[in-house]
Amino acid sequence: MRPLFGIPILILAFSLLSCARHQGENIKLPEDIRRGREIFYDPNYGSTGLACANCHADFDDVNHPDDKIRPGHNLIGAHKRKVTWYGRFRGDALNITAAGAGLCVVMYQKKYGVTNPLKALTPEDAQALLAYF
6 MRPLFGIPIL
16 ILAFSLLSCA
26 RHQGENIKLP
36 EDIRRGREIF
46 YDPNYGSTGL
56 ACANCHADFD
66 DVNHPDDKIR
76 PGHNLIGAHK
86 RKVTWYGRFR
96 GDALNITAAG
106 AGLCVVMYQK
116 KYGVTNPLKA
126 LTPEDAQALL
136 AYF
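Numbering (my numbering), first residue to last: 6 to 138.
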């Protein structure tokens with residue numbers, strides 16, 4: 006009888022080749038998620054040159070840290086929160102501000118003279134950010 010240790014090696018090699026083949030391909034994201042990611046990384050969304058990504062991670066940086074120190078918490082699951090900004094936003098205000106992102110737009114990104122976090126994001130941009138979070 007021949008040993009079967011060669012079969013797992015073949016399976017592993019096939020898996021690695023398959024993964025390598027897909028690297029570099031553009032994955033098609035749903036439009037809301039694509040737009041939310043675009044906003045998250047856009048340093049021109051406001052007037053200060055800051056993007057959401059300057060202060061927040063869009064991944065689990067607690068369990069998978071990188072080399073950056075960020076002043077804000079990661080935004081994974083922000084769309085599921087019931088309250089944010091120490092109780093300032095809850096209910097409909099969570100959707101209107103994209104889980105409080107509207108306040109960041111006002112305070113840190115200084116979006117073109119907007120002073121009300123409830124009016125800092127268009128409904129489409131708020132929906133896109135929530136889809137991305």
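Quick reminder that beta carbons are idealized off the backbone N, C-alpha and C, glycines included.
Identify, in the order they occur along the chain, each residue of the same chain with its Cβ nearer than 7 Å to the Cβ of residue 154, setting aside the five sequence neighbours on each side. Outside the shown range of the chain (6 to 138) lies residue 154, about which nothing can therefore be said.
Original post:
At what residues does the alpha helix (DSSP H) containing residue 136 begin and finish?
Top reply: 128-137
In chain order, what residues of the same chain lie with their CB nearer than 7 Å to the CB of residue 89, ignoring the 5 residues before and after it? 99, 104, 105
For residue 45, which of helix, strand or coil comes out of DSSP? helix
Check your understanding: Going by DSSP, what residues sit across from residue 95 in a beta bridge?
Key -> 88
**Message:** Within a Cβ cutoff of 8 Å, which residues of the same chain sit near residue 108, ignoring the five residues on either side of it in sequence?
**Reply:** 90, 93, 94, 102, 122, 125
Going straight from the alpha carbon of residue 41 to that of residue 67, what length do you get?
22 Å
Within 10 angstroms of the Cβ of residue 141, are there 16 or more other Cβ atoms? Answer buried if so, exposed if not.
The requested residue 141 is not part of the displayed model; the chain covers only 6 to 138.
message = Does residue 1 come out as helix, strand or coil in the three-state DSSP assignment?
response = Residue numbering for the chain in the displayed model covers 6 to 138; residue 1 lies beyond these limits and cannot be assessed.
Tell me which residue opens and which closes the alpha helix (DSSP H) that residue 118 is part of.
Unbroken run through residue 118: none, as it is neither H nor E.
- [ ] Determine the burial state of residue 61: buried for a count of at least 16 other Cβ atoms within 10 Å of its Cβ, exposed for fewer.
- [x] buried
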